[in-house]
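Single-structure report; data block below.
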Amino acid sequence: MDTTVKSAFDLLEQYEMTNTSVDLEKICKELGINIHIMNLDKLEKKHCRQISGALFISDGKKNIIVNEKDVPARQRFTIAHELGHYFLHHDKNSEKDAIISFRGERNNLEFQADGFAAELLMPEGRLREEYKNLSVPSISALAKKFNVSNAAMHYRLDTLGMDYIHL
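Right, dumping it as structure tokens:
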């Protein structure tokens, strides 16, 4: 099990998350991470890029910022993605840290955070179990069960090599 998957698995175990729809707010609360859903227009204009979210830590306060324009399922993925940055990339000894997730950015850190988010929101074992329980495995049915977007479920099923139909 690679470290990205192990970190997400350990987090689910630690907080006894057994439902298909993971309670991200509970995890963040337990970790002392504040979630802020806000307008990021000014930040996007400053960076000339679309922003899904950010992890910002200053003076011991941990914050995840999420773009209010995104649909709730996308916001959930962003929160999970930023948790990935927190566990995988944040320097725990640093007093000040910021990681901004630009939409469409593809580098190793972003792939790792996406992998963490996918495993946290759609754990492979649970996904395979739910998949077997469906007479017709569709992206939309699985996305609804796991409270994620169709796009996130599509990507997850593809990366796990699982067949599906589009409904």
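Residue numbers for the sequence shown follow our numbering, beginning at 387 and rising by one. Glycine is no exception: its CB is placed at the ideal position from the N, C-alpha and C atoms.
Review point. For the putative contact between residue 516 and residue 406, defined by C-beta atoms under 8 Å, what is the C-beta separation to the nearest angstrom?
Key: Here residue 516 is taken as the residue at index 130 of the sequence shown, counted from 1. Here residue 406 is taken as the residue at index 20 of the sequence shown, counted from 1. With 8 Å as the limit, residue 516 and residue 406 qualify as a contact, their Cβ atoms being about 6 Å apart.
Review point. Are the beta-carbon atoms of residue 437 and residue 453 separated by less than 8 Å?
Key: To locate residue 437, count along the sequence shown from 1; it is residue 51. To locate residue 453, count along the sequence shown from 1; it is residue 67. Contact: yes.
Practice item. Tell me whether residue 393 sits in a helix, a strand or coil according to DSSP, three-state version. Key: Stepping through the sequence shown from its first residue, residue 393 is reached at position 7. It is helical.
Review point. With distances taken between CB atoms, is the gap from residue 534 to residue 507 smaller than 8 Å?
Key: In the sequence shown, the residue the question calls residue 534 occupies position 148. In the sequence shown, the residue the question calls residue 507 occupies position 121. In contact: residue 534 and residue 507 (Cβ atoms closer than 8 Å).
Practice item. Tell me whether residue 475 sits in a helix, a strand or coil according to DSSP, three-state version. Key: Translated into the one-based positions of the sequence shown, residue 475 becomes position 89. Looking at residue 475 - three-state DSSP - the assignment turns out to be coil, as it is neither helix nor strand.
Point to revise | Beta-carbon proximity list for residue 423, same chain, < 6 Å, skipping 5 on both sides | key: Stepping through the sequence shown from its first residue, residue 423 is reached at position 37. Correct list, in chain order: 452, 454.
**Study point:** Where residue 499 sits in the DSSP three-state scheme
**Key:** By one-based count along the sequence shown, residue 499 stands at place 113. For residue 499, the three-state secondary structure derived from DSSP is helix.
Review point. Just to confirm, are residue 476 and residue 441 a CB contact at a threshold of 8 Å?
Key: Reading the sequence shown from its first residue, position 90 is the one you call residue 476. Reading the sequence shown from its first residue, position 55 is the one you call residue 441. Remark: C-beta atoms of residue 476 and residue 441 approach each other more closely than 8 Å.
Check your understanding: Which of helix, strand or coil does DSSP assign to residue 520?
Key -> One-based indexing of the sequence shown puts residue 520 at position 134. If DSSP states are grouped into helix, strand and coil, residue 520 belongs with coil.
Review point. How many angstroms separate the CA atom of residue 456 from the CA atom of residue 463?
Key: Locating residue 456 in the sequence shown gives position 70, where the first residue counts as 1. Locating residue 463 in the sequence shown gives position 77, where the first residue counts as 1. Counting only the Cα atoms, residue 463 lies some 10 Å from residue 456.
**Study point:** Strand pairing of residue 422, partner residues [DSSP]
**Key:** Position 36 of the sequence shown, counted from the start, is the residue given in the question as residue 422. According to DSSP, residue 422 bridges with 451.
Point to revise | Where the beta strand (DSSP E) through residue 546 begins and ends | key: The sequence position of residue 546 within the sequence shown is 160, counting from 1. Segment: none, residue 546 is in no beta strand (DSSP E) and carries neither H nor E.
Point to revise | Inter-residue Cα distance where the pair is residue 474 and residue 401 | key: Position 88 of the sequence shown, counted from the first residue, corresponds to residue 474. Position 15 of the sequence shown, counted from the first residue, corresponds to residue 401. In this model, residue 474 and residue 401 are separated by some 18 Å (Cα to Cα).
Point to revise | DSSP-derived helix/strand/coil call for residue 470 | key: The residue you call residue 470 lines up with position 84 of the sequence shown. Three-state result, residue 470: helix.
Exercise for review: Would you identify the three-state DSSP class for residue 487, choosing helix, strand or coil?
Suggested key: For this step, residue 487 is matched to residue 101 along the sequence shown. Residue 487: strand per DSSP, three-state reduction.
Practice item. Please report how far the alpha carbon of residue 403 lies from the alpha carbon of residue 395, in whole angstroms. Key: For the purposes of this step, residue 403 is taken as residue 17 along the sequence shown, with counting starting at 1. For the purposes of this step, residue 395 is taken as residue 9 along the sequence shown, with counting starting at 1. Rounded to whole angstroms, residue 403 to residue 395 spans 10 Å at the Cα level.
Review point. Does the distance from the C-beta atom of residue 494 to that of residue 448 stay below 8 Å?
Key: In the sequence shown, the residue the question calls residue 494 occupies position 108. In the sequence shown, the residue the question calls residue 448 occupies position 62. It is not a contact, given that the beta carbons lie outside the stated cut-off.
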